[in-house]
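See structure below.
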Amino acid sequence: MPDWDAIMSEAERLAEWFLHRNVDLAEAQKLLDYFARKDFDSDAVSKYLDAMSQNPPPRSKRSQKHFRNLKQIWDEWQTSLEGQDKARAWGWGVREARVRRGGR
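Set out below in C-alpha cells:
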C-alpha cells in the first residue's frame with residue numbers, strides 16, 4: 019500500500035525545486051512518462067537525462083537548460099521512495115508546481 023504521507027511530502031519538495039529552477043513542467047511530465055515506460059528504472063532515467071542534457075533535441079538553448087535542471091533535481095533527489103511510489107511523488111510534484119504557477 020502506498021505511503022501517501024511520504025509521497026505527498028516528497029511531491030511538495032519537488033514542486034519547490036521545479037519552481038525554483040524554473041523547470042519546463044511539460045518536460046518534467048515527459049520524464050515521468052519515460053520513467054514509467056522503463057518500468058521505474060531510476061538508472062535508465064539518469065542515463066536519459068545525461069544524454070539529453072549534453073545533446074538535447076535541436077529546439078533551443080532553453081531545452082538544454084531544462085534538461086540540465088531536471089538532471090540536477092533527479093540526481094539530488096535522495097528519497098526512500100522507489101518504483102511506483104517514486105513516480106507518484108514526481109507526478110504530484112509536477113501537478114503542484116503547475117497549480118502554484120497558476121496553470122492547470
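Residue numbers (the working numbering): 19 to 122.
Quick reminder that beta carbons are idealized off the backbone N, C-alpha and C, glycines included.
On a predicted model such as this, the values are computed, not experimentally measured, just so you know.
Point to revise | Arg106 - DSSP class collapsed to helix/strand/coil | key: Counted from its first residue, the sequence shown places residue 106 at position 88. Under the three-state reduction of DSSP, Arg106 is assigned to helix.
Point to revise | Where Gln82 falls: helix, strand or coil (DSSP) | key: Along the sequence shown, one-based indexing puts residue 82 at 64. Helix, per DSSP.
Practice item. Can you tell me the Cβ-Cβ gap for Ala105 and Ala33, rounded? I've got them flagged as a contact below 8 angstroms. Key: Locating residue 105 in the sequence shown gives position 87, counting from the first residue. Locating residue 33 in the sequence shown gives position 15, counting from the first residue. Incorrect: roughly 15 angstroms between the Cβ atoms, too far for contact.
Practice item. Please report the Cβ distance between Lys89 and Asp68, rounded to the nearest whole angstrom; I am assuming they are in contact, meaning their Cβ atoms lie under 8 angstroms. Key: As a working note, residue 89 is residue 71 in the sequence shown. As a working note, residue 68 is residue 50 in the sequence shown. Right, the Cβ-Cβ distance comes to about 7 angstroms (below 8 angstroms), so this counts as a contact.
Check your understanding: Which of helix, strand or coil does DSSP assign to Pro71?
Key -> Position 53 of the sequence shown, counted from the start, is the residue given in the question as residue 71. Residue identity differs from the one stated: residue 71 is Ser in this sequence, not Pro. The three-state reading of DSSP puts Ser71 in helix, counting H, G and I together.
Exercise for review: Rounded to whole angstroms, what's the CA-CA distance from Arg119 to Met19? Just pull it up for me.
Suggested key: Taking the sequence shown and counting its residues from 1, the one referred to as residue 119 is at position 101. Taking the sequence shown and counting its residues from 1, the one referred to as residue 19 is at position 1. For Arg119 and Met19, the distance between alpha carbons rounds to 31 angstroms.
Review point. Distance, Cα to Cα, Val112 vs Asn73?
Key: What you label residue 112 is simply residue 94 of the sequence shown in a count that begins at 1. What you label residue 73 is simply residue 55 of the sequence shown in a count that begins at 1. Their backbone Cα atoms lie some 24 angstroms apart in a straight line.
Point to revise | Residue interval of the alpha helix (DSSP H) (run including Arg31) | key: To locate residue 31, count along the sequence shown from 1; it is residue 13. In the DSSP assignment, Arg31 falls within the unbroken alpha helix (DSSP H) covering 22 to 38.
Review point. If we ignore side chains and look at the alpha-carbon of each, how far apart do Asp93 and Ala62 end up?
Key: Taking the sequence shown and counting its residues from 1, the one referred to as residue 93 is at position 75. Taking the sequence shown and counting its residues from 1, the one referred to as residue 62 is at position 44. When rounded, the distance between both Cα atoms is 12 angstroms.
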